[in-house]
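One rule links them: number in our numbering = place in the sequence shown (from 1) + 6. Here is the structure we will look at.
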Amino acid sequence: MSSTILETDKTHNRYIVLFKDSVSNADISKFYNELNSTIKVLTTYTLVKGFAAEFDHNDYTWLEQHPMIEIIGLNHIKSIG
Numbered sequence: 007m008s009s010t011i012l013e014t015d016k017t018h019n020r021y022i023v024l025f026k027d028s029v030s031n032a033d034i035s036k037f038y039n040e041l042n043s044t045i046k047v048l049t050t051y052t053l054v055k056g057f058a059a060e061f062d063h064n065d066y067t068w069l070e071q072h073p074m075i076e077i078i079g080l081n082h083i084k085s086i087g
């Protein structure tokens, strides 16, 4: 497996965002379709319902208050190999 290096710019941070267990796959698909353009989804997860993304503080606040979101954590992973 090859390594992927992720660089963080000065205006956006990378986060791991997990949905609540009760959220359906249909609701998750709808959520992704409705995301604004300032939230850049880097990858999605299916084993655990969630995604890695980069976004700014305003979007962090919006996601933190969203009823479907359980956890938002900083993504400190610099390489995967």
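From the three backbone atoms N, C-alpha and C, an ideal C-beta is built for every residue, glycine too.
- The beta carbon of A59 lies closer than 8 Å to those of R20, Y21, V23, I45, K46, V47 and L48 in the same chain, with the five residues before and after it left out.
- Take the alpha-carbon of Y38 and the one of Y66: they are about 15 Å apart.
- The three-state reading of DSSP puts N81 in coil, since its state is none of H, G, I, E or B.
- Under DSSP, E60 shares a beta bridge with R20 and K46.
- According to DSSP, residue pairing for I34 in a beta bridge does not occur.
- Counting of Cβ neighbours within 10 angstroms places K55 among the buried residues, the total reaching 16 or more.
- Excluding residues up to 5 positions away in sequence, F25, K26, V29, D33 and F37 lie with their Cβ nearer than 7 Å to the Cβ of M74 in the same chain.
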